[in-house]
Each structure stands twice: as structure tokens, then as C-alpha cells.
Amino acid sequence: MDRFLNYLNTIFNLSDAAKDYLSIHGKIKVFPAGSYYKFDDEKIEKWCFMLEGLAARIGFENDNEVIERIYCKDFYFSGTKHVFSKTSERISIKFLRKSEIYEIQNHHLRIAFQQYQELQECYLVLKEYEIQYIKDLLSILKSPSKKRLYELHRRQPFLLSILTVKEKISYLNFKNIKEYYSSLGFLIYST
């Protein structure tokens, strides 16, 4: 719990009351690699913050899992469309490595935003980080397949070393292993 509170404290100085609220209403959970937090259209009205490990937002294309987004340390996700929604999304969330998360029910987090301004501020900063992450991902995916590993290295270097080749192929929308190795050659040549 301290790791989560300490991280938020780096964004905005939290009051003791806000820390107590998060400690009372949230909990730490551990998930093994390969397990799922939610399946396809399942609705879990909870907000989660990654303390360690690696998880992925998984979509399906022709019955194959496709990594749409990666969640690693200091990222967050929700079991619904967002913390203010009660609607699910047609995605799964899968833990790619053993992971530890902080989990709180959406309605408790919404109450926290109303009662503690600093938590609302923290959430807005986390949302800005997410928006920048998505902009970077879209920029990577818009680049020609040959340049995608290079763009990953430039825009999201923290993912380059933690994803397996198979995960990179899925995340970067390569059609096959040949596209991956072509992109790897471009990365090696360009750096």
C-alpha cells in the first residue's frame, strides 16, 4: 500500500485523511502470469493501479489475441470503460508477468475525488500520462512497419526490453515474424 501512496505523493502532497481513505477502501492483489483480470465483455467496476509486473489490454482478431495496450508499473486500468462508467468494453485484461496491483471500487474512487481535491488532481495527472501514452502508441502504429521498433525505442523505450518478441509482434501490429526482423534491422542500423 505504501508504494501506491508514495507514488501518488510524488504527484501531489496527499493529506493523511486521503491516504487513510485509499487504504481503507482499496487493497493490494497479486496475479500470476497468464491469468486474466477480466474477460471480453465482463464488467468489473474497479480501478486498478499497477505496482509491478506487466498486463495487457487484449482485443480479438479472427479468434487471435491482439495486444492493444500495455500496462506496466505506474500505469492504471479499469474493469469498465473508465472510472465514471458502469459499462464494460469488449476487451480482456491479461497479466503477462506476475503482477501486483492496487484495486479500488469505482464508486469509492469517485467519492474520494469529491472528498479529497488532491486525489482528483492525481487522477488528472495520471490521465494526462495515459493520453500521452496513447498518442505515442498511435504515432508508433502509424509509422511504416519497418520503423515501428525504432519508434517504440524512441517513444516508449521502457517497453522495448520487457516485451517478448511475440508480444512485440502483437503490440506493434506486425503481420508476421519477417516484418519484425525487418524492423529490428532498421532499429539496429538507426541507433
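Position in the sequence shown (first residue = 1) + 1 = my numbering.
All C-beta atoms in this analysis are idealised placements derived from N, C-alpha and C, irrespective of residue type, glycine included.
If you're wondering where the values come from, they're calculated on a predicted model, not measured in any experiment.
- Distance from the CA of Phe-85 to the CA of Lys-169, rounded to the nearest whole angstrom, comes to 31 Å.
- Sequence-distant Cβ neighbours of Lys-95 in its own chain, meaning closer than 8 Å and more than five residues away, are Gly-35, Ser-36, Tyr-37, Tyr-38, Ala-56, Ala-57, Ile-59, Glu-66.
- Per DSSP, Gly-27 is not a residue of any alpha helix (DSSP H); the beta strand (DSSP E) it occupies stretches across 27 to 32.
- Taken atom to atom, the span from the alpha-carbon of Leu-120 to that of Leu-173 is near 33 Å.
- Bounds of any beta strand (DSSP E) do not take in Phe-159; it lies within the alpha helix (DSSP H) bounded by 158 to 161.
- A residue is called buried once 16 or more other Cβ atoms fall within 10 Å of its Cβ, and Phe-32 is buried on that count.
- A direct Cα-to-Cα measurement between Asn-177 and Arg-156 gives close to 22 Å.
- C-alpha of Ile-132 to C-alpha of Glu-46: approximately 21 Å in a straight line.
- Pairing Ile-135 with Cys-73, the inter-Cα distance amounts to about 14 Å.
- Distance from the CA atom of Tyr-190 to the CA atom of His-154, rounded to whole angstroms, is 13 Å.
- Contact between Tyr-181 and Phe-175 holds, with the beta-carbon distance rounding to 5 Å and staying under 8 Å.
- Note that the C-beta distance between Lys-87 and Gly-54 is not below 7 Å.
- An exposed status is given to Ile-25, since fewer than 16 other beta-carbon atoms sit within 10 Å of its beta-carbon.
- Distance from the CA of Asn-14 to the CA of Glu-69, rounded to the nearest whole angstrom, comes to 33 Å.
- Per the DSSP secondary-structure output, Ser-100 pairs in a beta bridge with Phe-32.
- Residue range 37 to 39 is occupied by the beta strand (DSSP E) that includes Tyr-37.
- Secondary structure within the segment 66 to 121: the beta strand (DSSP E) runs of 3 or more consecutive residues, fully enclosed, are 77 to 79, 93 to 96, 100 to 106 (chain order).
- Along the segment 119 to 191, the alpha helix (DSSP H) occurs as fully enclosed runs of 4 or more residues at 149 to 156, 158 to 161, 166 to 172, 178 to 191, listed in sequence order.
- In the three-state reduction of the DSSP assignment, Leu-23 falls in the helix class.
- Phe-13 carries a coil assignment under DSSP once its states are collapsed to helix, strand and coil.
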